[in-house]
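Peer 1: In terms of the numbering used here, the sequence shown opens at residue 1 and continues consecutively.
Ideal placement from N, C-alpha and C gives every residue a C-beta, glycine not left out.
Before we start, here is the structure in question, set down as structure tokens.
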Amino acid sequence: MAIVGRLRLKPVITSIVAIIAISCQQAPVVPEAERAKEIESRLWRAGASTFAPEEYNSFYQALRTARIHELNERARWPLWQRLKHVQEEYKQVIEDGTKLLALVEEKKQSQAKELRNELSELEGLIKKLRAISSAINESRHIRERITRSEILMQEARREIEKEEFSAAKKALASAREPASSARRIILSLFERYLDEGYLRRWEKWVAETIAESKAKNNLAIIVDKLEKKLIVYSQGEKKETYDVGLGRFGLADKLHAGDEATPEGKYKVMKKNPNSRYYKALLLDYPNEDDRRRFQEMKKRGLIPPQIGIGGLIEIHGGGQDGLTFGCVAMEDEAMDKLYKMAEVGTPVTIVGTVNRNSAILNWVREL
């Protein structure tokens, strides 16, 4: 009987041992947990906490909750573990994480596009500023600011490529400052050239000079300071056009001695000098009555110091157009030879800011 009893108990004992063995085995790895971990790593590398902080925080909390639930289940007796519920949590985390990755990428592309558009807009401004500065003598401070802006723009480009958008925004903001400063300088320089009163005055002087040339059947000279051109009229018809150079502050109207500006007004050749310091020269009758009257008015208003004089010795001379003058109009020697032969004492010389109110340079300035 004892032997029979032991034989009957053996299958039961075997089953119990098998159950215990199975129960002691470690629960299988949840594959969704590994996938969720991979998504977490990708979101961290993508900078999700920066580009979508609220969504990333929600994802992280959901992932943390799923991991806590997994740990709680694994702490239970294996037969009583409910990992399927945990798997469903991880699946939801994976789905949300995948959507968040797409959202982060979308936001990054949107920011990159926005910054590139701002960069392109600034590049357009810089292009205009450089074109304008290359056409005027008063450009040193403008070019310095343009160069600083371009260096900072390069930095912004590098940061955009690295997806360091915060640093890119900072570099772009810094790049705008010198560009804006250059823009303000140019607008100040060209204030008179955009003023309707000045434009009409210059047009009137030019029209009167051409009409006089036609009526008196003589030669007349017009100097366009903006375009740096000297135009010769004969009997009211355009005969020759020459390139010229001006003073360091050629765009400004001359106010007093030493300002290195080229005067504007209606003048005449007062003297011909075949052996001037700068090759041949035509001395103009600056200052004329209008110049003297304005000079005295400005002195009375305290705009010109008492010890400063009105200046003089304004010439059209040779020596080369690229050399800066102190207010004169400079020409190449070959061109000066031709003009010297044509001009006489008494030849009208009208100097204006511009002949063409719709010149390319002025249109660029208007677009700033």
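1. Might you give, ordered along the chain, the residues of its own chain that have their beta carbon closer than 7 angstroms to the beta carbon of residue 150, omitting 5 neighbours on each side?
2. Rounded to a whole number of angstroms, what is the C-alpha to C-alpha distance between residue 216 and residue 204?
3. Nearest CA to the CA of residue 67: which residue from 111, 49, 246, 30?
4. Does residue 359 come out as helix, strand or coil in the three-state DSSP assignment?
5. Should residue 162 be labelled buried (16 or more other beta-carbon atoms within 10 Å of its own) or exposed?
6. For the alpha helix (DSSP H) containing residue 275, list its first residue and its last residue.
7. With a threshold of 16 other CB atoms inside 10 Å of the CB of residue 188, please say whether the residue is buried or exposed.
8. Report the rounded CA-to-CA distance for residue 85 versus residue 73, giving the unit in angstroms.
9. Under the rule that 16 or more other beta-carbon atoms within 10 Å means buried, what is residue 137, buried or exposed?
10. Just to confirm the assignment, what range does the beta strand (DSSP E) spanning residue 193 have?
11. Which residues in the same chain as residue 428 place their Cβ atom closer than 6 angstroms to its Cβ, once the five residues preceding and following it in sequence are excluded?
12. Which residue marks the beginning of the beta strand (DSSP E) containing residue 234, and which one marks its end?
13. Exposed or buried, what is residue 259 when buried is set at 16 or more other beta-carbons lying within 10 Å of its beta-carbon?
14. Quick check: the Cα distance between residue 24 and residue 166, rounded to an integer number of angstroms?
15. According to DSSP, is residue 56 helix, strand or coil?
16. Can you give the Cα-Cα distance for residue 210 and residue 348, rounded to whole angstroms?
17. May I ask you to list the residues that DSSP assigns as paired with residue 340?
18. List the DSSP bridge partners of residue 348.
19. Excluding the 5 residues preceding and the 5 following residue 111 in the sequence, name in chain order all residues of the same chain whose CB lies nearer than 7 angstroms to its CB.
20. Mark residue 178 as exposed unless 16 or more other C-beta atoms lie within 10 angstroms of its C-beta, in which case mark it buried.
21. Given that a residue counts as buried once 16 or more other Cβ atoms are within 10 Å of its Cβ, and exposed if not, what is residue 99?
22. Would you say the segment 294-310 touches the segment 266-283, given that touching needs at least three Cβ pairs under 8 angstroms?
23. Do you know offhand how far residue 329's Cα is from residue 174's?
24. Would you mind listing the beta strand (DSSP E) stretches within the segment 292-317 that are 3+ residues and don't spill past its ends, in chain order?
25. In the DSSP assignment, what are the bridge partners of residue 240?
26. Can you name, in chain order, every residue of its own chain whose Cβ lies under 8 angstroms from the Cβ of residue 202, other than the five neighbours on each side?
27. Identify whether residue 225 lies in helix, strand or coil by the three-state DSSP scheme.
Peer 2: Looking at the coordinates:
1. Start at 1 with the first residue of the sequence shown, and residue 150 comes out as number 150. These residues qualify, in order along the chain: 126.
2. Working through the sequence shown from its first residue, we reach residue 216 at position 216. Working through the sequence shown from its first residue, we reach residue 204 at position 204. Cα to Cα, residue 216 sits roughly 18 angstroms from residue 204.
3. For the purposes of this step, residue 67 is identified with residue 67 of the sequence shown, where counting begins at 1. Ranking the options by Cα distance to residue 67, first place goes to 30.
4. On the sequence shown, residue 359 is found 359 positions in, with the first residue counted as 1. Coil, per DSSP.
5. Along the sequence shown, read from residue 1 onward, the residue named residue 162 stands at position 162. Residue 162 should be labelled exposed.
6. As a first step, residue 275 must be located in the sequence shown, where it is residue number 275. Unbroken run through residue 275 is the beta strand (DSSP E), 265-276; no alpha helix (DSSP H).
7. Along the sequence shown, one-based indexing puts residue 188 at 188. Per the 10 Å Cβ criterion, exposed.
8. Looking up residue 85 in the sequence shown gives position 85. Looking up residue 73 in the sequence shown gives position 73. In this structure, the CA atom of residue 85 is about 10 angstroms from the CA atom of residue 73.
9. Taking the sequence shown and counting its residues from 1, one reaches residue 137 at position 137. Buried is the call here.
10. By 1-based counting over the sequence shown, the position of residue 193 is 193. Looking at the DSSP string, residue 193 is not in any beta strand (DSSP E), and its letter there is neither H nor E.
11. With the chain covering 1 to 368 only, the question about residue 428 has no answer from this structure.
12. As a first step, residue 234 must be located in the sequence shown, where it is residue number 234. Run containing residue 234: 229-234, per the beta strand (DSSP E) assignment.
13. The residue labelled residue 259 in the question sits at position 259 within the sequence shown. Around the C-beta of residue 259, 16 or more other C-beta atoms lie within 10 Å, and the residue is accordingly described as buried.
14. For the purposes of this step, residue 24 is identified with residue 24 of the sequence shown, where counting begins at 1. For the purposes of this step, residue 166 is identified with residue 166 of the sequence shown, where counting begins at 1. Bear in mind that the predicted position of residue 24 carries a pLDDT of just 48, short of 50, making it unreliable; the figure below should be weighed with that in mind. Taken atom to atom, the span from the alpha-carbon of residue 24 to that of residue 166 is near 53 angstroms.
15. Taking the first residue of the sequence shown as 1, we reach residue 56 at position 56. Reduced to three states, the DSSP call for residue 56 is helix.
16. On the sequence shown, position 210 is the one that residue 210 refers to. On the sequence shown, position 348 is the one that residue 348 refers to. Spanning the two alpha carbons is a distance of roughly 10 angstroms.
17. As a working note, residue 340 is residue 340 in the sequence shown. Residue 340 is not bridged to any residue.
18. The residue you call residue 348 lines up with position 348 of the sequence shown. Note: residue 348 sits in a beta bridge opposite 268.
19. Taking the sequence shown and counting its residues from 1, the one referred to as residue 111 is at position 111. These residues qualify, in order along the chain: 165.
20. As a working note, residue 178 is residue 178 in the sequence shown. Looking at its Cβ environment, which holds 16 or more other Cβ atoms inside 10 Å, residue 178 is buried.
21. On the sequence shown, residue 99 is found 99 positions in, with the first residue counted as 1. Counting of Cβ neighbours within 10 angstroms places residue 99 among the exposed residues, the total staying below 16.
22. Short answer: they don't touch.
23. Position 329 of the sequence shown, counting from 1, holds the residue named residue 329. Position 174 of the sequence shown, counting from 1, holds the residue named residue 174. C-alpha separation (whole angstroms): 39 angstroms.
24. Within the segment 292-317, the complete beta strand (DSSP E) runs of at least 3 residues are 315-317.
25. For the purposes of this step, residue 240 is identified with residue 240 of the sequence shown, where counting begins at 1. Looking at the DSSP assignment, residue 240 forms a beta bridge with 232.
26. Numbered from its first residue, the sequence shown carries residue 202 at position 202. Cβ neighbours of residue 202 within its own chain (closer than 8 angstroms, five residues either side excluded): 264, 352, 353, 354, 355.
27. By one-based count along the sequence shown, residue 225 stands at place 225. Three-state DSSP puts residue 225 in coil, outside helix and strand.
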